[in-house]
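Working notes for the structure below.
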Amino acid sequence: MRLRILLYLAGFLATFATTASAADFDRVVKPLIQKYCVQCHNGKDANPDVDFLKTMQSQEVGTVFEIWESAVKQLRAGTMPPDTEPQPTQEERKRVIAWFDDFVQNIEARPAVFQPRRLAVNEYRNTLHSVLGFDLEVAIIEAEQTLAERSLVVKLLPTDPPGKSGFKNDTHSNRLTTVAWDQYSYLVDAGLEQLFQPHRRKALEVYTGRISEDGLTVEQAQQLIKKVLSKARRRKMSADELEKAASRVGGLSGNALVGAVKFELKTILMSPAFIYRGLLISGQRGKRQRVDSYELAERLSYFLWADMPNETLFALAADDSIQQPEVLKQQIDRMLLSPKARSLTADFATQWLTINEIEKVSNNPPQMVALKSQPLDFMHYLFTNNRPLLEMIDSETAFINPHTSRMYGRDAKQMKRYVKQKGIEVEIVANQKIRLEATKERGGILTMPGILAMNRGPILRGTWILERILGDELPEPPANIGQVPPNTRGEKLTFRQRFEKHRSKAACAIWHDKIDPLGFALQDFDNSGKYLRSANYQPSKKQKRKQQAPNLRDNIDTQGKLPSGETFENMSGLKQILVTSQREAVIRNVVERTMSYALCRKLVVYDRPSVDMIVKQMDESNGTWRDLFYAVANSVPFREMILSNAE
Amino acid sequence: MTTTMQRRTFLRGAGVLLPLPFLNLMQASAKPTENAHPPLRFMTLFKPNGVHPPSWNISGGTEFDFRMSPLMKPFEKHRDDVLILDNMGDFGFSSHANSTRRFLSGHHRSTKSSSVDQLIADKIKGDTPHRSLELTTEGLFPNQIGCSYISYDKSGAPIPRESDPQLIFDRLFRNPLANPDHRKKMASVLDRVLEDARSLSRRAGREDRNTLDEYLSIVRQSEKRLAKMQQAKPKIDVGDFQRPLVAGNLNEQVESMLDLIELALWTDSTRCITYMLGNSNSRMVFDFLGIKEQHHYLSHFFRNFSRTNLEALLKISLWHMEKFDSLLTRLKSRREGEGTLLDNTVVLYGSGMGHSDNHTVKRIPIILAGGRGVLKTGRYVRYSQNQQLGRLHLSLLKAFGIKHEAFGGSEEPLRGLNGSDFEPYRERPFDSWVKVEGNKITVQGRLRMSDNLDEAKIFFVDIEGKPPVRVEVAFRDFHSFNLAYHCGTGITLTGTGRTDGNRQIITKVTDLKSIHGKKPGTMNG
């Protein structure tokens with residue numbers, strides 16, 4: 001399947017190769033690569049991801065676009081070639097950059113070739129709930145301080161690996177297995193069995209109307225099948241198709257009728273048209289076109305809710321009004337108010353910001369949940385309260401509960417007093433929203449206790465900011481890198497000084513120049529995320545035992561210099577840089593991640609113009625998350641598709 | 001053999017009693033094992049958070065002449081089928097996690113070997129479809145993960161547990177291997193979805209075709225697997241077994257599970273089951289008993305002492321005992337060979353911990369039941385010394401014909417389980433008497449709690465050949481003289497009160513002396 005996309009792309013690039021840029025490439029860029037890059041970056045290089053020999057053929061620029069994007073980024077920042085190697089002149093640098101910018105500007109925005117995809121586990125759970133009207137739950141007692149999976153779907157289906165986009169809803173390379181198939185079958189059986197039990201009578205009557213003492217009538221059974229069929233297919237079915245499905249239970253009664261209905265419903269829910277998205281898409285083969293209204297409703301609904309469209313969306317798709325930007329906008333507003341929009345934090349933000357890593361911080365669930373719920377509640381607030389994108393970096397709003405309030409000094413007094421009921425030793429407590437006044441250092445996601453604690457030490461913290469906030473992709477470090485050596489006898493170097501020695505190798509320094517300033521800026525916070533400069537700082541018992549406490553507060557060195565040359569004193573200085581001179585990079589990353597999640601795939605070269613446009617718009621207008629959701633929902637890759645030819 | 005059993009309520013769903021016709025097992029056609037020598041099974045029921053010793057321990061008593069303690073009342077009717085062990089465990093203070101590991105592994109340091117149930121499962125599994133079942137009621141307790149497991153595999157790794165009766169039912173009786181009816185249905189579903197996928201395929205483009213091919217190949221593989229299974233012959237007809245309903249609360253969940261345990265053993269689907277009624281350290285809230293406090297909080301009955309807390313704790317413990325009773329009743333209701341299913345099952349009931357407030361592991365609750373031929377039941381065995389749990393496990397292994405030189409650091413099997421000689425606990429004798437001078441009463445005898453747990457503040461001093469003296473005092477006396485501590489031992493108690501007929505009632509304590517024992521708070525653990 002991947003090969004086909006590449007072939008398709010090659011076709012698209014072949015047309016591109018006729019433009020002036022291709023000739024420029026051979027004339028301008030190629031000699032420079034030969035001169036400055038190939039010596040290290042060839043087939044035998046330690047980093048096979050950057051093989052310039054491969055990129056030498058001009059018509060392949062598009063297929064290796066990511067290499068170019070990163071190479072030019074390095075060229076702009078002056079981080080490549082490394083200091084130890086011969087340097088291109090300013091003029092030469094400019095020439096390559098100009099060529100690349102020209103190349104990028106000439107990319108035409110295009111939608112992707114449409115590909116069906118299997119529902120991810122959470123989407124399947126939510127969609128099955130929407131059809132049945134209830135959740136399938138595991139019988140397990142959830143006492144405080146225990147972890148239990150409540151959803152039968154999540155418990156039984158194999159966990160989704162993240163796709164190439166980094167998100168789990170990118171299921172394109174997550175193949176169906178017999179194990180998963182058996183579990184689908186099991187889940188459907190379990191769901192249908194419940195649907196016909198007395199305690200689910202209401203859910204059943206949503207489809208059938210009131211069921212009398214005598215049980216289900218044939219008419220009711222047929223209604224049920226028709227309605228479930230339309231719902232499960234997530235688009236309008238023809239009268240013929242509905243009649244055909246319903247006719248199969250004609251003439252039956254009693255238990256035989258119920259048995260036959262269950263069988264019909266099972267085949268509907270086991271059909272590929274239910275388990276996959278997009279198999280019923282309509283459109284002209286071999287053409288670029290707008291997606292049909294049902295597909296648009298689905299795209300929107302799985303983006304904001306990770307669930308199938310509800311009746312409102314379904315109705316708007318039926319009369320095509322959902323295609324109007326105004327209507328789409330209203331729907332996004334409405335959908336963000338729904339509790340289902342929580343999936344944006346539970347799935348999108350969690351996977352993007354690796355928030356689940358916080359689970360490893362504490363093995364005491366109420367404490368862990370408290371730490372984890374802070375970034376979740378904060379992101380949910382940004383997403384649904386029309387807050388600016390950049391408030392993610394710094395904000396006056398925070399969410400705390402009694403488990404985390406210690407870290408918020410006087411600001412914790414804004415919290416309503418929490419009284420533990422008699423006999424409750426420990427419990428999970430909801431967060432309260434506060435305004436940061438005395439502990440402004442906690443503003444934004446970067447300095448939340450859980451985020452700081454899940455990434456211990458400056459290198460992991462710096463890497464996380466670089467990858468997750470600034471959107472850089474780092475290569476794997478060499479395997480033989482070793483640890484930062486301890487002080488030798490008589491030596492009295494700080495960790496940072498010893499570290500400087502350790503990272504001095506050119507190949508390492510290039511990356512560490514980017515990572516380190518970000519990570520060391522957070523040295524004001526200890527490994528558990530406590531603020532060392534706070535007046536009432538108390539080291540943890542473990543730190544006390546190791547007698548690290550005095551060390552920790554002395555010699556804190558948070559100063560840094562970014563590869564761009566900008567300097568800062570500490571984290572608040574860095575935050576300031578991130579929302580001013582680096583804001584474009586931050587916004588670009590936010591836009592790319594959001595778009596990639598919404599499209600359920602990795603972005604490719606022809607998404608670039610759409611991304612650029614939204615980045616510019618967000619940057620200029622200091623756009624909000626809601627603005628971003630509007631923009632993504634109206635973008636070319638979201639609204640359009642290319643349908644492959646039938647074979 | 002005709003199975004005579006009452007029709008009864010199988011399961012209780014969502015708060016409503018739903019009488020369901022119980023299986024078709026009442027008909028002789030569904031007789032499971034016609035075996036003249038039914039296999040011996042092993043069943044463990046684990047009770048979390050120890051006990052409140054004054055209400056659990058048997059007061060005085062000898063091997064055949066003993067009075068069941070207040071908490072044992074629920075299964076008093078099974079007296080002839082149980083073997084109550086006392087002085088089990090030889091640790092002072094112990095953490096929840098360690099005491100739980102010892103329950104089936106002998107010692108908490110046995111972290112590289114199987115727990116005893118798994119060794120037994122290996123030996124007795126025969127050709128049963130399920131080697132063993134490991135069951136529980138609640139989620140994992142990650143803070144001390146050892147609190148959540150009693151069964152460990154041969155590398156010493158904890159075995160995942162299952163809590164959902166429906167999932168267990170389906171695993172036992174709905175899987176296509178066990179259920180031909182289910183196989184038939186599955187085959188028709190496969191036919192239809194195949195048809196469906198093919199019709200979609202006709203209108204598909206290249207990309208969708210790929211997806212559909214993937215789907216179709218999985219469906220075909222499923223068909224092939226199913227065809228292979230058609231050859232397997234089920235041992236019993238499980239087609240009409242009733243699947244448990246969704247449980248509305250813990251009690252319903254456990255009752256359903258006990259139903260399934262009974263069925264699983266009786267149909268010889270498995271011969272070895274462990275079931276935890278909760279994690280050790282469980283913080284469950286027994287709201288269906290009208291209790292709002294967390295179980296672990298209540299289990300520290302001294303640290304968190306109050307009358308209502310104690311009453312709540314005893315209610316929970318009593319509920320645990322009722323589940324044990326329920327299990328025994330079920331196993332007895334199934335006739336098998338010359339006796340009942342219980343006769344062919346060794347049941348181990350107990351907790352890893354004894355005293356739930358100070359965490360001692362010196363008199364942990366351990367009761368064996370059933371196992372005719374390997375256990376001699378109807379007895380109370382109190383050993384002279386505190387016994388390592390590994391010794392119990394060694395004897396169990398022996399009972400199942402497994403030779404093991406040592407287990408959990410113990411090398412000697414526990415004596416006396418099958419009626420062999422053992423060294424019983426011997427207490428220094430003391431006289432018992434009562435003296436009344438006006439309203440002053442002095443009594444010497446053995447102190448015990450009232451059998452009625454609803455009146456947890458009432459105690460009795462037993463006197464040889466005379467009615468016991470009732471002690472019914474205010475909270476302050478109860479607390480400052482620490483009456484509960486002395487339960488089961490001889491004391492001399494002075495107080496004031498009244499005489500009612502030939503019975504004395506003490507309403508105020510002025511002095512309490514232990515005859516042979518120590519003062520509370522002077523012993524470790």
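Residue numbers (the numbering used here), protein chains in the order written: chain Y, 1 to 647; chain E, 1 to 525. Ideal placement from N, C-alpha and C gives every residue a C-beta, glycine not left out. The model shown is predicted, which means the values in this text are computed figures rather than measured ones.
May I ask you to list the residues that DSSP assigns as paired with residue i?
| i | result |
| --- | --- |
| M43 (chain E) | E:I273, E:V347 |
| F407 (chain E) | E:S410 |
| H355 (chain E) | E:V51, E:T360 |
By alpha-carbon positions, which one of the options ends up nearest to residue i?
| i | options | result |
| --- | --- | --- |
| N555 (chain Y) | Y:F495, Y:D240, Y:E66, Y:N126 | Y:F495 |
| G370 (chain E) | E:E411, E:G378, E:I364 | E:G378 |
| Y275 (chain E) | E:M353, E:F103, E:E311, E:N309 | E:F103 |
| G248 (chain E) | E:S217, E:F286, E:F481 | E:F286 |
| T44 (chain E) | E:F324, E:L226, E:F301, E:A312 | E:F324 |
| D213 (chain E) | E:R198, E:N251, E:I159 | E:R198 |
| N431 (chain Y) | Y:N174, Y:S282, Y:S373, Y:K530 | Y:S373 |
| L135 (chain E) | Y:H502, Y:A139, Y:A585 | Y:A139 |
| N279 (chain E) | E:P424, E:G350, E:S155 | E:G350 |
| I458 (chain E) | E:R448, E:N175, E:G390, E:E162 | E:R448 |
| W625 (chain Y) | Y:R435, Y:T404, Y:A341 | Y:A341 |
Expressed to the nearest angstrom, what Euclidean distance is found between the alpha-carbon atoms of residue i and residue j?
| i | j | result |
| --- | --- | --- |
| E427 (chain E) | I366 (chain E) | 21 Å |
| V604 (chain Y) | N455 (chain Y) | 30 Å |
| K398 (chain E) | A97 (chain E) | 27 Å |
| C40 (chain Y) | G205 (chain E) | 44 Å |
| E262 (chain E) | S115 (chain E) | 22 Å |
| A484 (chain E) | T507 (chain E) | 16 Å |
| N24 (chain E) | M368 (chain Y) | The pLDDT assigned to N24 (chain E) is 29, lower than 50, so where the model puts this residue is not dependable; a value taken from the coordinates is nonetheless given after this. The alpha-carbon atoms of N24 (chain E) and M368 (chain Y) are separated by roughly 49 Å. |
| I281 (chain Y) | S271 (chain Y) | 15 Å |
| D421 (chain E) | R415 (chain E) | 7 Å |
| D516 (chain Y) | P458 (chain Y) | 7 Å |
| K73 (chain Y) | I393 (chain Y) | 22 Å |
| P329 (chain E) | M321 (chain E) | Before going further, note that residue 329 (chain E) is Thr rather than Pro in the sequence given. If I take the Cα positions, the gap works out to 12 Å. |
| L518 (chain Y) | I587 (chain Y) | 17 Å |
| N482 (chain E) | W433 (chain E) | 22 Å |
| R271 (chain E) | L40 (chain E) | 7 Å |
Quick one: using the 10 Å Cβ neighbour count with 16 as the cut-off for buried, is residue i buried or exposed?
| i | result |
| --- | --- |
| W266 (chain E) | buried |
| E255 (chain E) | buried |
| F75 (chain E) | buried |
| R498 (chain E) | exposed |
| S148 (chain E) | buried |
| E396 (chain Y) | exposed |
| N57 (chain E) | buried |
| E295 (chain Y) | buried |
| A122 (chain Y) | The displayed chain sequence assigns Asn, not Ala, to residue 122 (chain Y). Flag for N122 (chain Y) reads buried. |
| H108 (chain E) | buried |
| F46 (chain E) | buried |
| Y418 (chain Y) | exposed |
| H37 (chain E) | exposed |
State yes or no: is the C-beta of residue i within less than 9 Å of the C-beta of residue j?
| i | j | result |
| --- | --- | --- |
| G61 (chain E) | Y380 (chain E) | yes |
| A349 (chain Y) | P388 (chain Y) | no |
| R307 (chain E) | D343 (chain E) | no |
| D500 (chain E) | K332 (chain E) | no |
| L133 (chain E) | L314 (chain E) | no |
| S173 (chain Y) | G166 (chain Y) | no |
| Y537 (chain Y) | K544 (chain Y) | no |
| T171 (chain Y) | A120 (chain Y) | yes |
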